[in-house]
Amino acid sequence: MERIMKNYNEMEVAGGVPVKMWTQGVPVEDEARKQLMNAAKLPVVFKHIAAMPDVHLGIGATIGSVIPTLKAIIPAAVGVDIGCGMMACKTTLRAEDLPDNLGPLRSAIEAAVPHGRNPKGRDEGAWENPPDMVDAAWATLEADFTELCRDYPKLKNTNNHKHLGTLGTGNHFIEVCLDELGFVWFMLHSGSRGVGNAIGTMFIELAKKDAMQHQANLPDANLAYFEEGAKYFGDYVRAVGWAQKFAETNREVMMRRVIGAAKKVIGKKFESHIEAVNCHHNYVQKETHFGQDVFVTRKGAVSAKKGQMGIIPGSMGARSYIVRGKGNPESFESCSHGAGRTMSRTEAKRRFTLKDQRAATEGVECRKDAEVIDEIPMAYKDIDAVMAAQQDLVEVVHTLKQVVCVKG
């Protein structure tokens with residue numbers, strides 16, 4: 003049963019907590035609803051689950067969900083791209099300061115930040131020889147990582163240092179955007195890369211093994227959780243915290259590389275980091291809600307405390323938004339992390355053509371080849387509808403439209 007409230011719908015779940023869904027005017031898959039209901043039945047979930055307007059089917063936990071848990075964490079809800087998120091910086095540049103031909107700017111950004119992957123095995127998305135900037139950033143992370151590796155030696159085999167300051171693949175991107183007043187922004191989307199994936203994968207499997215002994219009748223094996231005091235709980239908190247710091251640092255290093263590359267191409271002095279936002283949208287942290295200390299997992303959701311700045315990107319070719327949180331307690335002070343997919347990547351490649359992709363990204367300096375058809379705007383929800391559904395969660399501060407896009 004689903005009740006229609008003023009700003010959200012409330013789905014009752016037999017044997018579980020309710021799910022409050024900010025999805026009015028936005029389509030939601032039946033499979034995503036089922037996933038939300040499964041999570042709501044876990045005994046460790048506190049009060050209710052919040053679903054954002056970009057909610058869609060994920061692995062185990064639904065993307066676009068906010069799951070508060072009491073003295074427990076669900077590793078699969080955090081996922082394997084731990085700390086994935088966004089960074090955006092406003093500059094003093096104006097639209098007229100950009101060159102007429104944006105191709106060299108895109109090429110300079112692509113050269114400054116490793117991205118993509120070679121299917122034959124060589125990792126094109128890693129540094130062969132990390133620059134000094136990357137080495138200096140890694141030095142702030144290395145000691146804690148070395149300590150993690152003492153307990154979990156397999157993490158040594160990850161491409162950790164050489165992935166710092168790199169973009170990744172899939173829906174990760176770097177963009178040059180213009181805001182509503184014509185100011186230039188740089189914006190990017192990435193996370194904790196290979197090392198975060200290794201940490202997430204390892205602890206998800208450990209949680210599943212632990213659940214086979216202690217957690218009977220889980221509605222989904224991917225919803226296995228660690229409780230406080232359990233064997234791996236403390237280690238997971240330590241590891242996920244480190245991966246989230248890696249992700250935040252990764253975005254900052256990339257942003258500095260992008261701005262440095264842009265300065266060489268544009269040939270004009272400009273200031274950056276005027277309004278800088280660096281926020282996770284796949285992560286867990288301890289917070290207080292409704293008078294209770296809980297672990298809040300935002301799986302494809304952004305913290306939107308009152309006055310807190312955030313980023314909600316649209317799809318490739320669509321608008322993006324810099325927002326300010328309203329601190330809505332019912333959403334656990336959260337908002338959406340983007341538009342949200344309406345179909346799988348496989349379905350998008352089957353349904354759309356290269357001609358469709360080129361038409362949808364007209365006016366944007368970006369890749370226009372078959373490999374990025376799965377990122378076509380029509381594979382995502384309408385960002386305007388998504389924003390309308392969460393007016394009580396955030397207010398729009400800036401509206402951005404990309405003019406250059408680099409995909410992983």
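Quick note on numbering: the sequence shown equals residues 3 to 410 in the working numbering. All C-beta atoms in this analysis are idealised placements derived from N, C-alpha and C, irrespective of residue type, glycine included.
Coil, strand or helix - residue i by DSSP
i    : result
A138 : helix
I69  : strand
Q246 : helix
I75  : strand
A391 : coil
T251 : helix
F235 : helix
V399 : strand
V366 : coil
K266 : helix
V80  : helix
N280 : strand
Nearest-angstrom Cα separation, counted from residue j out to residue i
i    : j    : result
A138 : L95  : 28 Å
E98  : K270 : 12 Å
T160 : I276 : 35 Å
A218 : T355 : 47 Å
G293 : R240 : 25 Å
L72  : E364 : 48 Å
A42  : A52  : 10 Å
E112 : V408 : 7 Å
F188 : R300 : 24 Å
K8   : Q393 : 11 Å
E229 : V388 : 34 Å
S194 : P29  : 30 Å
V411 : C86  : The structure shown does not extend to residue 411, since the chain is modelled only from 3 to 410, so the question has no answer here.
A145 : R253 : 20 Å
N11  : I75  : 26 Å
G167 : R352 : 33 Å
T348 : D376 : 7 Å
D181 : A79  : 33 Å
A249 : I84  : 7 Å
V411 : S67  : No answer is possible for residue 411: it lies beyond the span of the chain, which begins at 3 and ends at 410.
T290 : F334 : 9 Å
R152 : I201 : 14 Å
F175 : G316 : 12 Å
G302 : K158 : 28 Å
A63  : D222 : 9 Å
G329 : M13  : 22 Å
G309 : H282 : 16 Å
N162 : C368 : 28 Å
E149 : P155 : 10 Å
D384 : K403 : 15 Å
F147 : M256 : 20 Å
G262 : A209 : 42 Å
A34  : C337 : 17 Å
G342 : I268 : 34 Å
F451 : Y382 : This structure leaves residue 451 out entirely; the chain is present only between 3 and 410.
G410 : M311 : 25 Å
H339 : I313 : 7 Å
P331 : K92  : 29 Å
P45  : K22  : 18 Å
Y323 : A16  : 37 Å
DSSP beta-bridge partners of residue i
i    : result
R5   : E12
Y382 : R343
V260 : DSSP output for V260 lists no bridge partner at all.
E229 : A74
K409 : F175
Residue i, enclosing alpha helix (DSSP H) - first and last residue
i    : result
F205 : R195 to H216
S192 : First-last for S192: F185 to S192, but that is the beta strand (DSSP E), not the alpha helix (DSSP H).
A110 : G105 to A114
Enclosing beta strand (DSSP E) for residue i [first to last residue]
i    : result
A372 : Segment: none, A372 is in no beta strand (DSSP E) and carries neither H nor E.
A90  : G87 to R96
List in chain order: all unbroken alpha helix (DSSP H) runs of 4+ residues lying wholly within the segment 282-358.
Segments of the alpha helix (DSSP H) lying fully in the segment 282-358: 347-353.
Give, in chain order, every unbroken run of the alpha helix (DSSP H) that is at least 4 residues long and sits entirely within the segment 18-58.
The segment 18-58 contains these whole alpha helix (DSSP H) runs: 32-42.
In chain order, what are the residue ranges of uninterrupted beta strand (DSSP E) at least 3 long that sit wholly in the segment 124-180?
175-180
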